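Report on the structure given below.
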Amino acid sequence: MKRHLRLFLRYFAQYTKVRLAYKADFLIAFFSSMAATVLGFGFVLVLFSKIPRLQDWSFNEVMFLYGFSLIPLGFFNVVSWNLYDFGELYIIEGRFDRVLLRPVDTLFQVIFEKFRLESLQEVVTGLAVVTICLRRMHLALGVADYFWFALMVACGAVIYLAVFLILTAVSFWFEDRVGIVPPVFNMLNFGRYPLTIYNVFIQFLLSWIIPFGFASFYPTTHFLGRNTFAVYFHLVPVVAAGFSLLAIVVCNRGVVNYSSTGT
Amino acid sequence: MPAAAVAGARGGERPSSLFWRWLRLYLEFGRVGFVNALAYRLRYVTGIVTYFIYISVYYFIWKAIYEHSTSIEGFDFSHLLTYIGVGWIIRSFYFNNIDQELAYQVMEGRLAMDLIKPVNIQLMYVARAAGESIFRLVLLTAPTALVLFLVYPLRPPASVRHGGAFLVSVLLSFLIVAAINFVVGTFALRLQSILGLMRAKFFLLELLSGLLLPISFFPQVFQKIFALLPFEYISYVPMLIYLGKLDDSGLARAIALQFFWVAVLLAIGNALWSWSSRKVTIQGG
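Note that the protein sequences, when read in sequence, are chains A and B. Numbering-wise (our numbering), the first sequence opens with residue 15 and increments by one. Numbering-wise (our numbering), the second sequence opens with residue 459 and increments by one.
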């Protein structure tokens, strides 16, 4: 554990140096990341210029939900970079051999080999939006709420990571170049609206099949004082734990199944 | 086969036969794109399901939005549902990955193979993307449209004339998207990674093309700015034509402007390519 923590810090420092070596590239990546985040808000902002409420959810509440979802997403984005090209780079090109040869956990290496540093701006933006929305709604967080908030952010990031690890592990069996990762990535958006607007099928899909609802919607209900979802709120850590367990099992199965390309 | 270059060097041929050689060459690239897509045909089955889920989700989002009003900016719920549904259907056709392909070529050091081909690189990529789009038209767009029209009460085109103009307009949308993606892709030659740029472009196109919501929902100031940009000609304009929201003169003007943007964007891409490819570092290879 201690060794892994030290390795993590080394990996992080090393990659930061690599990224900062190309300053112009990093700046462009940072500003495009910023632009993407701002544009993401566009839909909600334009919409609420036309309507007063979304069902019984106010503008501030929807913005709070959207802002909150950015925080775990930001952390997830920082470490998820390698997952996008995993099938392409590690399986098809056989780079996974190198990972297997090292005496460190394979999953650990794949996740922490690259960091999308610029995505940390999403965390900051999310925190800013959440703070502004709380102010405008005259809501205050208690001491316990700060603890819950941190826990929910961690669980959200874990849920995102677990879902995409499972999808990534699929490339151990099917060497498809694009696969199913991008469509599911776009579904992240759908967990950023109150789940109550959907019918039971989509609510079920976003809760139990691809549990993005547990990473964004259910956590926020507690802070917005909507107690009808209290059970779901308390299930968030359970879902996070369950899905990460599943992810680890699937990944380990995949590694066993891996056959090198011989390069 | 560098048929066009060889023919050009000989010089003595009739222009018409030169044109046919040229066309045959790029049709061949189109065929390659088509066949490449064929190799990953399983992906399109998941594609139909994905599009169905997307549009279902947007159906509920918009249903919640229309709970408090019957008409927003001249769109009632039925018009808006058609706007969103058909908008996504045409996206399954006009969409392409030229920027990502170029980025991969650069990353993997295969760009040299592109550079030594005596063809117009831009046209080569566009032709390949066209082949892929034709493939998707059959395996993704048509089945998705069938399912969606059966499940949701989507409206047909406003009239036969609007339907015809809509088809022309969607073809031009394809060219606009292809040209924009090529422009974004050329940045891969000078930058280390264009992943961030591609992500920003993705969100920019989603919002400013009118895919997520009609441009007329934006505040006036933004509408005026967007009218000067090419993005709303990708989805908003074809959908206005489909829904019959443009009269004859408006229709002609819209399509003329689409042609204009195709020409301008292709020219920008071409200029950027010749500027970027002058100083290329080939990685390893």
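Note that CB positions come from ideal geometry on N, CA and C, so glycine has one too. Predicted, not measured: the structure shown is a model, and the values here were computed from it.
Neighbours of Thr599/B in chain A, taken as residues at a C-beta separation under 8 angstroms, are lacking, since the least C-beta distance is about 16 angstroms. Spanning the alpha carbons of Asn203/A and Phe226/A requires a straight line of approximately 9 angstroms. In the three-state reduction of the DSSP assignment, Phe188/A falls in the coil class.
In the three-state scheme derived from DSSP, where H, G and I count as helix and E and B as strand, Leu238/A is classed as coil. For Leu68/A, the three-state secondary structure derived from DSSP is strand. Residues of the segment 62 to 73 of chain A with a Cβ closer than 9 angstroms to any Cβ of chain B, in chain order: Ser63, Lys64, Ile65, Pro66, Arg67, Leu68, Gln69, Trp71. The secondary-structure analysis by DSSP pairs Phe533/B across a beta bridge with Ile530/B. With a beta-carbon spacing of about 4 angstroms, Ala522/B and Ile211/A fall inside the 8 angstroms limit used to define contacts.
Looking only at Ala38/A, Phe82/A, Ile173/A, the smallest Cα-Cα distance to Val138/A is reached by Phe82/A. Excluding five sequence positions before and after His18/A, the CB atoms of its chain that fall closer than 8 angstroms to its own CB belong to Val118, Asp119, Phe122, given in chain order.
Contact between Leu649/B and Asp39/A is confirmed by a C-beta separation of about 5 angstroms, below the 8 angstroms threshold. Counting other Cβ atoms within 10 Å of its Cβ, Val722/B stays below 16 and is therefore classed as exposed. Contact between Gly268/A and Phe199/A fails: their C-beta atoms lie close to 20 angstroms from each other, not under 8 angstroms. With contacts defined as CB atoms closer than 8 angstroms, Met571/B and Phe487/B fail to qualify as a contacting pair.
The beta carbon of Asn554/B lies closer than 7 angstroms to those of Ala587, Glu590, Ser591, Val635, Ala636, Asn639 in the same chain, with the five residues before and after it left out.
Within the model, the alpha-carbon separation for Phe228/A versus Asn213/A is close to 17 angstroms. The alpha-carbon separation between Leu573/B and Leu483/B amounts to approximately 16 angstroms. Residue nearest to Gly621/B within the set Gly491/B, Gln681/B, Val695/B is Val695/B (criterion: CA-CA distance).
Counting only the Cα atoms, Gly505/B lies some 18 angstroms from Gly491/B. Inter-segment contact for the segment 165 to 175 of chain A and the segment 84 to 97 of chain A is present: three or more beta-carbon pairs are separated by less than 8 angstroms. Close to Ile530/B, with beta-carbon spacing below 9 angstroms, are these residues of chain A in chain order: Lys64, Ile65. For the pair Leu79/A and Glu132/A, the Cα-to-Cα distance works out to about 22 angstroms.
Burial state of Leu114/A is exposed, judged by a 10 Å Cβ sphere holding fewer than 16 other Cβ atoms.
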